[in-house]
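Undergrad:
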Amino acid sequence: PDFYALPQALMFLSRRAMSAVRHIVSFRLKADVTAEQQQALAASLTGMGETTGLKDLIKSIYVGTDLGIPHPSGPNAALAVMADFASQADYEAYAGHPEHVKVITENIKPLMEPGTRTAIQMNIPKLGLIG
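Structure follows, in structure tokens:
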């Protein structure tokens with residue numbers, strides 16, 4: 001038996017349980033979306049970090065817009081959101097929270113080009129600023 005494998009596996013599981021979660025989502029916008037609409041959307045996304053019920057879940061949130069630098073693999077997303085959460089439970093509470101769902105339904109979906117959303121949730125080490 002490999003007596004080193006078990007402690008290493010336990011350390012991995014322990015680190016994973018102690019990890020914060022980073023959520024990154026990006027999407028393209030419909031061709032007729034104006035710069036003002038894009039700015040308002042970005043503001044509504046950033047504002048989730050101050051929304052009652054969400055501000056205790058979201059440890060940090062950053063919204064960025066594409067710089068317009070072409071890439072040979074295809075079109076870029078127009079907008080991306082990166083949000084950090086202290087735990088998977090906090091992320092899951094955020095994902096289903098009525099205020100978050102409202103932003104998706106009322107602000108994102110009307111402007112988003114269908115089928116362009118992509119997202120990832122990944123573990124990140126807990127840092128001094130997170131959790």
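Quick note on numbering: full-length UniProt numbering labels position 78 of the sequence shown as 78, and the sequence is numbered without any gaps. Ideal placement from N, C-alpha and C gives every residue a C-beta, glycine not left out. As the structure is a computational prediction, the values presented were derived from the model and not from experiment.
Counting only runs of 4+ residues fully inside the segment 7 to 74, write out the alpha helix (DSSP H) ranges in chain order.
TA: The qualifying runs are 35 to 47.
Undergrad: Would you tell me roughly how many angstroms separate the C-alpha atoms of A31 and E106, rounded to the nearest one?
TA: About 18 angstroms.
Undergrad: Between which residues of its own chain and L111 is the CB-CB distance below 8 angstroms, once the five residues before and five after are set aside?
TA: If we look at L111 and ignore the five residues flanking it on each side, its Cβ neighbours are L29, K30, V33, Q37, Q38, L41.
Undergrad: Residues in its own chain within less than 6 angstroms of F27 by CB, not counting five upstream and five downstream?
TA: Closer than 6 angstroms at the Cβ level, and outside the excluded window around F27, lie A77, M112, T116, R117.
Undergrad: On the DSSP letters alone, give me the boundaries of the alpha helix (DSSP H) that A93 sits inside.
TA: Looking at the DSSP string, the run of the alpha helix (DSSP H) that includes A93 is 88 to 96.
Undergrad: Excluding the 5 residues preceding and the 5 following Y62 in the sequence, name in chain order all residues of the same chain whose CB lies nearer than 7 angstroms to its CB.
TA: Once the five neighbours on either side are set aside, the close Cβ partners of Y62 are M82.
Undergrad: Would G44 and V103 qualify as a contact pair, given that the criterion is a beta-carbon distance under 9 angstroms?
TA: For clarity, residue 44 is Ser in the given sequence; the question names Gly instead. Contact flag set, yes.
Undergrad: Since A119 is in the beta strand (DSSP E), which residue starts that stretch and which ends it?
TA: Note, A119: beta strand (DSSP E), 118 to 124.
Undergrad: Report yes if the C-beta distance between P98 and G53 is below 9 angstroms; otherwise report no.
TA: Yes; because the gap between Cβ atoms is below 9 angstroms, this pair is in contact.
Undergrad: Can you tell which of V21, I120, P114 has the C-alpha that lies nearest to the C-alpha of S60?
TA: Minimum Cα distance to S60 is reached at V21.
Undergrad: In the DSSP assignment, the beta strand (DSSP E) including A83 goes from what residue to what residue?
TA: 79 to 85 is the span of the beta strand (DSSP E), which, as asked, contains A83.
Undergrad: Cβ of L67 within 9 angstroms of Cβ of Y94?
TA: Their beta carbons are not under 9 angstroms apart, which means L67 does not touch Y94 by this criterion.
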